[in-house]
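Peer 1:
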Amino acid sequence: ACTVMAFEYLQDRNYIYRDLKPENMLIDSSGYLKLTDLGFAKHLADGKTYTTCGTLDYMAPEMLEKTGHNKAVDWWALGAVIYEMVSGLPPFYKSADNREKVLRIRKAKYKVPAFVSKECKDIVRRLLEPQALKRLGNTREGVSAIRSHPWFEDIDWEAMENRTHPVPYIPTTRTAAFQKWQPGYKHPAGPKFNRAPANENGAFDNF
Numbered sequence: 001a002c003t004v005m006a007f008e009y010l011q012d013r014n015y016i017y018r019d020l021k022p023e024n025m026l027i028d029s030s031g032y033l034k035l036t037d038l039g040f041a042k043h044l045a046d047g048k049t050y051t052t053c054g055t056l057d058y059m060a061p062e063m064l065e066k067t068g069h070n071k072a073v074d075w076w077a078l079g080a081v082i083y084e085m086v087s088g089l090p091p092f093y094k095s096a097d098n099r100e101k102v103l104r105i106r107k108a109k110y111k112v113p114a115f116v117s118k119e120c121k122d123i124v125r126r127l128l129e130p131q132a133l134k135r136l137g138n139t140r141e142g143v144s145a146i147r148s149h150p151w152f153e154d155i156d157w158e159a160m161e162n163r164t165h166p167v168p169y170i171p172t173t174r175t176a177a178f179q180k181w182q183p184g185y186k187h188p189a190g191p192k193f194n195r196a197p198a199n200e201n202g203a204f205d206n207f
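Quick note: the sequence shown uses UniProt numbering, first residue 1, plus one each step.
Following this line, the structure appears as structure tokens:
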């Protein structure tokens, strides 16, 4: 749900993200998700763009076919990430050979595990729609079609926006890697450097 809202925010400002994957999805100390690494993001008010970028497992068919793409590629990637979150692997991970993987992506050829709910299967199927114009989120209804999908039935979108919605997981940050963010942490003394002589510093005047 946080990812849907993040994409909605970006798209309202005419940006496409183009690099959704678990590595770029971080959970903050309140249990809400943040998208990171906007290196492939692009302002696109209208039309299409043609740069191939991102990570293959989450790339939409139209990007691989180089026919031009728009915000619809982000909704495809969302479908791939949802699939991965419920099954443990990306939908097209089965293909070790990249050429075979590209063919599977272009045909949206994947299998959903039997234990996945019908609501989840449906939203994944509609997000992993190979025809961009028919893809959930890119139809005339826009993002509202995603918000109203049965898979998000338990989501209170207003509470999400106010950050008052119950979250399923709050990360523990009291570990060695995060000690510097904890109260009372003392930063270690930095390295000491000898100042260069004036005649050497002069070489860098106005640098």
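Glycine included, every Cβ here is placed at the ideal spot set by N, Cα and C.
Going by beta carbon distance, what residues of the same chain come within less than 8 Å of Thr49, once the five residues before and after it are set aside?
Peer 2: Only Ile16, Lys42, Gly68, His69, Asn70 meet the Cβ criterion.
Peer 1: Which residues bound the alpha helix (DSSP H) around Leu103?
Peer 2: 98-106
Peer 1: So Val34 is in the beta strand (DSSP E); what residue range does that whole segment cover?
Peer 2: At residue 34 the sequence reads Lys, which differs from the Val that was named. 33-35 is the extent of the beta strand (DSSP E) around Lys34.
Peer 1: Provide the residue(s) that pair with Lys42 in DSSP beta bridges, ordered along the chain.
Peer 2: Ile16
Peer 1: Taking Cβ to Cβ, would you say Pro113 is nearer than 9 Å to Ser87?
Peer 2: yes
Peer 1: Counting along the chain, where does the alpha helix (DSSP H) carrying Leu26 start and finish?
Peer 2: Leu26 -> not in any alpha helix (DSSP H); beta strand (DSSP E) instead, spanning 25-27.
Peer 1: Considering only C-alpha positions, which residue in the set Glu8, Asp12, Asn24 is nearest to Val45?
Peer 2: Here residue 45 turns out to be Ala, not Val, going by the sequence shown. For Ala45, the nearest C-alpha among the options comes from Asp12.
Peer 1: Applying the 10 Å Cβ sphere with the 16-neighbour rule, what's the burial state of Phe115?
Peer 2: Burial call: exposed.
Peer 1: Report yes if the CB atom of Trp76 is closer than 9 Å to the CB atom of Glu119, and no otherwise.
Peer 2: no
Peer 1: Which two residues bound the contiguous alpha helix (DSSP H) that contains Ser148?
Peer 2: Taken as a continuous stretch (DSSP letters only), Ser148 belongs to no alpha helix (DSSP H), as it is neither H nor E.
Peer 1: Using CA coordinates, which residue listed in Ile123, Asp19, Asn194, Met160 is at the minimum distance from Cys2?
Peer 2: The option with the nearest alpha carbon to Cys2 is Met160.
Peer 1: Classify residue 274 as buried or exposed, calling it buried when 16 or more other Cβ atoms lie within 10 Å of its own Cβ.
Peer 2: For the chain, the structure presents residues 1 to 207; residue 274 sits outside this window and is missing.
Peer 1: What does His165 pair with, by DSSP beta-bridge criteria?
Peer 2: Partner residues in a beta bridge of His165, as assigned by DSSP, do not exist.
Peer 1: What number of angstroms, rounded off, separates the C-alpha of Ile146 from the C-alpha of Glu23?
Peer 2: In a straight line, the C-alpha of Ile146 is about 23 Å away from that of Glu23.
Peer 1: DSSP state of Thr67, grouped into three classes?
Peer 2: Coil.
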